[in-house]
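At position 262 of the sequence shown (counting the first as 1) the number is 1478 in my numbering, and the numbers step up by one without a gap.
Quick reminder that beta carbons are idealized off the backbone N, C-alpha and C, glycines included.
None of the values given here were measured: they were computed from a predicted structure.
Down below is the structure, laid out as structure tokens.
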Amino acid sequence: MPLLGTSASQNTKTFLVARAGYFAGGYADSPGNLNTIEKISFAADTKTTLSETLVGARYAPAGAANSGVAMYVAGGEGGGFQATIDKLTFSPEARTALAAVLTRGKDRMAGAANSGTAAYFAGGRDGTDYNEIDKVAFSTDAKSTLSAVLSTVVQLNAAGAANSGTAAYFAGGYYQDITTYYSRIDKIAFSADTKSTLSATLTAAASNIAGAANSGTAAYFAGGANAGGQLSRIDKIAFSADTKTTLSATLTSVRQAATGAADTGTAAYFAGGYYTGLLSGIDKIAFSADTKTTLSATLTTARFVMAGAANCGVF
């Protein structure tokens, strides 16, 4: 991690990390399941592809980050349902596989993190749908499974976001019959790892939603699909009162299975997804006015059902 500034009078050091969003794995028309990791530099909104890759090509893994330290990519489907948890350190950008694994191999989970403490991976499927929540402690990279569970067994696929230090939010999803969609939002309080369900709900019951958060302020849940088709709407959950509004801004196109990552205090980025085909575009929602722009940078390969997380810490 580069040293960019010091405060000798306070006998402390200030480290500024290179703020970026990371999108890992997923599925492309060719070659199918992917192991590549793409990086969006928040300072310039430019994209690079890392030389590091996931331990295996995987469809629908879940991501969460210990900001300033590392991204965790859990599960996915590739040659069977995977329980592997990969850890990508941000400085240097190097990948290792944890000794700890998920409770079971599965895909289509959602991830969220209490930065500095733990990552949470919720829901998912292995042919059966689950409501369990696995927790990876950052201090030891050890896995435990919460006694709290989601309100329903559900495939979430990236619909998680966190108010770091307070709670994780998991929104929407669907049951394996692919006819039962949910609009509920579950909240996992980090202080005791307990679950409550918000009285606020999504504007529409949907699956394959993308989530990202302006930590300390609000969660954003974008796109998705239900029996009526694909969606472009963006719902916002204000953390102060756990209330929901729907932005006047929308995604560039209706889409499902995009992936979100956020530069805390600045913007959410929603990448990839599926409309009439796979997408490579990246939409940016500026938190200051909740307005949307579309980056000139795109993913190297059009893809969906990726894992996403962000490094935006300042230490």
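{"query": "To the nearest angstrom, how far is the alpha carbon of Thr1264 from that of Ser1257?", "result": "8 Å"}
{"query": "Assuming Ile1349 contacts Ala1364 (C-beta within less than 8 Å), just tell me the rounded distance between them.", "result": "6 Å"}
{"query": "Taking the straight line between their C-alpha atoms, what separation do you get for Ala1328 and Gly1321?", "result": "18 Å"}
{"query": "Please look up how many angstroms separate the CB atoms of Gly1427 and Ala1487, rounded, as I've assumed it's under 8 Å.", "result": "So it is not a contact: roughly 13 Å between Cβ atoms."}
{"query": "Do you know whose CA, among Tyr1485, Ser1464, Thr1413, Ser1456, lies nearest Leu1505's CA?", "result": "First, the residue type needs correcting, since residue 1505 is Ala and not Leu in the sequence shown. Selected option, being the one with the closest Cα: Ser1464."}
{"query": "Let me know if Gly1296 comes out buried or exposed under the rule of 16 or more other beta-carbons within 10 Å of its beta-carbon.", "result": "exposed"}
{"query": "Flag Val1289 as yes when its Cβ comes closer than 6 Å to any non-hydrogen atom of the ligand MN, and as no otherwise.", "result": "Within the structure as shown, the ligand MN is missing, as the structure has no ligands at all."}
{"query": "When DSSP builds the beta bridges, which residues end up paired with Val1470?", "result": "Bridge partners of Val1470: none, in fact."}
{"query": "I'd like to check one pair, Asn1373 with Asn1424: are the Cβ atoms closer than 7 Å?", "result": "yes"}
{"query": "State buried or exposed for Ala1343, treating a residue as buried only when at least 16 other CB atoms are found within 10 Å of its CB.", "result": "It is worth fixing the name first, because residue 1343 is Gly in this sequence and not Ala. It counts as exposed."}
{"query": "Counting contacts by CB-CB distance shorter than 7 Å, is Thr1468 in contact with chain E?", "result": "This model lacks chain E altogether, as it is built from one protein chain only."}
{"query": "Using the C-alpha atoms, what's the distance from Ala1422 back to Val1370?", "result": "11 Å"}
{"query": "Quick one, which of Gly1241, Thr1319, Leu1366 has its alpha-carbon nearest Met1287's?", "result": "Gly1241"}
{"query": "At which residue ranges does the region 1337-1396 contain complete beta strand (DSSP E) runs of 3 or more residues, listed in the order of the chain?", "result": "1349-1353, 1358-1361, 1376-1379, 1383-1387"}
{"query": "If Phe1406 sits next to Ala1434, beta carbons under 8 Å apart, how far is it from one beta carbon to the other, in whole angstroms?", "result": "About 17 Å; that fails the 8 Å criterion."}
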